[in-house]
Every structure is written in C-alpha cells, then in structure tokens.
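Colleague: Shown below is the structure under consideration.
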C-alpha cells in the first residue's frame, strides 16, 4: 500500500468514526426536528443580512469581527493519522510514514483554509455593506489570516509538548495578544491600500510555517507524540460529549507532583468542628479537580448568556429560578458523589454533622453562583445602556 491509499483509507475511517459518534447523540428525530430547522433558519437569517443589515450591527466596531477571525485562525491542530500499530508494522517503512505525515499536514492546512473561508463567508455581508471593505481588501485579509493560522498550527504543536498547564495558558494567552496586535497593524496597512507588503509578509510567514512544521514532523523520535496527538484529535468529539454529560465521571490526570491549590494543606477554618471539616475537605477536592469546576462555571456561563440574550423580564426571572433549582440539585449530587468516593467522608455519611455541612456548603456555593450571574447581567445591562442598545 502506498502513502496516498493509506492516507485516504484512514481519512475515510476517521470520517466514519466521527459520523458514528455524532449519530450516537443525534438520531433521526433530532436531525429532522432540530438540526434541519436550525439550518433552514440560519440560511434565512443569512439571506436577510444581504437584503437588509440588522440593527445590532451598527453598535459593533470592526475590532469584533477582527477578533472573531483571529479566533478562527487560532483553532485547529495538526493531524498525522498515525495509529498505535504503526510503531510495529510501519517502523521500518520510514518513507511511507513520512509521506503519510506530509499528506496529513496538507489536509490539516486545507481544512483550516476551509474553516477560515466559512468565517469570511459568514461575515461577508457586513464586510461589504457596513464596514465598506473592497474585494481586494477582503482577499488580502483572507490570505493573511490563512498564513497566520499556519503559523499557529506550528506554535500549538510545540506548546503541546509543555507539561505545565500554567505555562501553556500563559504562552497561549501571550501569543493570542500578539496576534491581535499584529492583525490590527496589518489592517492599518491594508486600509492605506498597501497590499503588496501584506502579501509578502503572508507569503514569508506561510513558507516558514510549512517548512518548520514539516521539519518537526520528520523527527523519528516524536512518533509517540504524533500518535498521542492524533488520538486526542480523533476523540475530541467524544471528550466534548463527556464534558457535557454531568452523570459521567471524568477523572483528571495530574502531571504535576504537588497540587497548585492548597499544596501545603493548611486549615481554612479556625474553628475546628465536624461540620467545618466536611466543608473544608469538600472545597479542597472541588478546587483540585478541574472537571468539577468546569461543570460549575459552565452552568453559570450558560445561564448568564441566556439571561442576557432573552429580552423579556419575566423569562429572565423564570430562567433565574430554574437555574437556582438546577444548581441546587447538581451541587447535592456532586457532594454525594465526592463523599461516596472519599475514604474519610464515606465513613460519616449518616451523621448529623454531614447533613448540616452539606446544607451549608451547598447554600454558600448557590449564593456565589447566583451572585456571579446577577453581577454579569448587571454589567451587560449597563454596557448595553451605555451604547444605546
């Protein structure tokens, strides 16, 4: 089997795998009654943008769609389509593995170009009719953002090797700020109708990114890393489904030797009572497990956006009350799950102090969640009032 047949066979297998994962959560009733109407509705809304611009676009500066395009340039990863068995069956056919990596990288690059093209297509009515960009300016920006995302593919490949989550987050945030600043600088050049420098910069950036990406992929010693990266990309949809399902236990793998929070395990409460001991242990477990925090803030985030987007006040009140009930039930189940699997708390689950501590801890976390939702809704209301929305 040559590299081209091997690549297309694995590409088709990957498509089938993703389709089967999608079908596991979306049967024909979901597709017919939810997805198809949603696609038709989005098409009607997009067509209306070409006929008449919506009112809300008049309060949005150009930095917002520019930020959106920068975000599209940031997403995406290099695919290799390598599997674990390649270390056994293809270990002596290095040229075949190398050609497979080249085709996989080209596929990743073309897929990112397609994603960027879709983003430009969605923003095209606004870019032409509201921001008054010419086709030449849009083409220059499209070329630049495609070159930028090829650079991001290379940078994220090297960032993937860093074990520290804090260092990863800091580097990615710093690089994203540089991206925003450089993109604004490029736009000023385009606005002054200097197109040739942008084409030259984009071409150099694209060539260097492709060269160093292929150079990094050619290393034989990184085969395990490439297989691990491909497995992560292949199961990304499955991981997203697991994150969205609160009833599924999601263990977090810690690479560091000491926890970042409460690493010295000092006391939180000065008064040592059985109730405070339960609450302190629960707080430390929650703060050390990112999956629990993610679920907590995901509920807060979705409720906040729902209350901001929905205009009627009575619907906001219903959403707020429903969120309180849902958050209470989720925290109760989380407390019971944490106590059930912890050897120190499981022994005292039938004591009165246990139920007293659960009531106090859950009520405090509910009050904190409601305060966060109320605060961000107030900030959103104040900002919309300032801009006249």
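Numbering (the working numbering), first residue to last: 8 to 396. Where a beta carbon is used, it is the ideal one built from N, C-alpha and C, also for glycine. None of these values were measured; they are calculated from a predicted model.
DSSP three-state label for residue 239, please.
Modeller: Three-state result, residue 239: helix.
Colleague: Mark residue 368 as exposed unless 16 or more other C-beta atoms lie within 10 angstroms of its C-beta, in which case mark it buried.
Modeller: So residue 368 counts as buried.
Colleague: Go ahead and label residue 87 buried or exposed: buried means 16 or more other beta carbons lie within 10 angstroms of its beta carbon, across all protein chains shown.
Modeller: So residue 87 ends up on the buried side.
Colleague: Which residue marks the beginning of the alpha helix (DSSP H) containing residue 149, and which one marks its end?
Modeller: Residue 149 -> alpha helix (DSSP H) spans 142-166.
Colleague: Excluding the five sequence neighbours on either side, which residues of its own chain have a C-beta within less than 6 angstroms of the C-beta of residue 84, listed in chain order?
Modeller: Correct list, in chain order: 240.
Colleague: When we look at the beta-carbon of residue 45 and count the other beta-carbons within 10 Å, is it buried (16 or more) or exposed?
Modeller: Residue 45 is exposed by the Cβ-count criterion.
Colleague: The alpha helix (DSSP H) spanning residue 21 covers which residue range?
Modeller: Element bounds for residue 21: 10-32.
Colleague: From this set, 291, 232, 298, 363, which residue's C-alpha is nearest residue 91's C-alpha?
Modeller: Answer by Cα proximity: 232.
Colleague: To the nearest angstrom, how far is the alpha carbon of residue 11 from that of residue 123?
Modeller: Near 26 angstroms, if we compare the C-alpha coordinates of residue 123 and residue 11.
Colleague: If you reduce the DSSP assignment to three classes, tell me which class residue 319 lands in.
Modeller: In this structure, residue 319 counts as coil in the three-state DSSP scheme.
Colleague: So what does DSSP say about residue 378, is it helix, strand or coil?
Modeller: Helix, per DSSP.
Colleague: If you count every other CB in all the chains shown that lies within 10 Å of the CB of residue 371, and 16 or more means buried, which is it?
Modeller: By the 10 Å Cβ count, residue 371 comes out exposed.
Colleague: Is the separation between the beta-carbon of residue 57 and that of residue 132 shorter than 7 angstroms?
Modeller: Going by C-beta atoms, residue 57 is nearer than 7 angstroms to residue 132.
Colleague: What is the rounded straight-line gap between the Cα of residue 458 and the Cα of residue 166?
Modeller: Lying outside 8 to 396, the shown extent of the chain, residue 458 is not represented and no answer is given.
Colleague: Would you check if the stretch 148-160 and the stretch 195-210 touch, i.e. whether three or more CB-CB distances between them fall below 8 angstroms?
Modeller: Judged by Cβ distances under 8 angstroms, the stretch 195-210 makes contact with the stretch 148-160, as three or more pairs qualify.
Colleague: Taking the alpha carbon of residue 358 as the reference point, which residue from 323, 281, 321 has its own alpha carbon closest?
Modeller: Out of 323, 281, 321, 281 has the C-alpha closest to the C-alpha of residue 358.
Colleague: Which of the three DSSP states, helix, strand or coil, is assigned to residue 169?
Modeller: DSSP places residue 169 in coil when its eight states are reduced to three.
Colleague: Please report the distance separating the alpha-carbon of residue 303 from that of residue 295.
Modeller: C-alpha separation (whole angstroms): 13 angstroms.
Colleague: Under three-state DSSP, which class holds residue 106?
Modeller: Helix, per DSSP.
Colleague: Where residue 97 and residue 89 are concerned, what is the direct C-alpha to C-alpha distance, given to the nearest angstrom?
Modeller: The straight-line gap from Cα to Cα measures roughly 10 angstroms.
Colleague: If the criterion is Cβ atoms closer than 7 angstroms, does the pair residue 224 and residue 108 meet it?
Modeller: Going by C-beta atoms, residue 224 is nearer than 7 angstroms to residue 108.
Colleague: For the alpha helix (DSSP H) containing residue 212, list its first residue and its last residue.
Modeller: 202-224 is the extent of the alpha helix (DSSP H) around residue 212.
Colleague: Which value, in whole angstroms, describes the spacing of the CA atoms of residue 139 and residue 68?
Modeller: C-alpha separation (whole angstroms): 13 angstroms.
Colleague: Going straight from the alpha carbon of residue 364 to that of residue 59, what length do you get?
Modeller: Taking the straight line joining both Cα atoms gives about 58 angstroms.
Colleague: Between 345, 311, 126, 26, which has its C-alpha nearest residue 330's C-alpha?
Modeller: Nearest C-alpha to residue 330: 311.
Colleague: Using C-beta distances below 6 angstroms, list every residue in its chain close to residue 169, excluding the 5 sequence neighbours before and after it, in chain order.
Modeller: Excluding residues within five positions, the ones whose Cβ falls inside 6 angstroms are 175.
Colleague: Can you tell me where the alpha helix (DSSP H) with residue 45 in it begins and where it stops?
Modeller: Run containing residue 45: 43-58, per the alpha helix (DSSP H) assignment.
Colleague: Cutting at 6 angstroms between CB atoms, please list the residues of its own chain near residue 115, excluding the five before and the five after it.
Modeller: Excluding positions up to five away in sequence, the list reads 85, 86.
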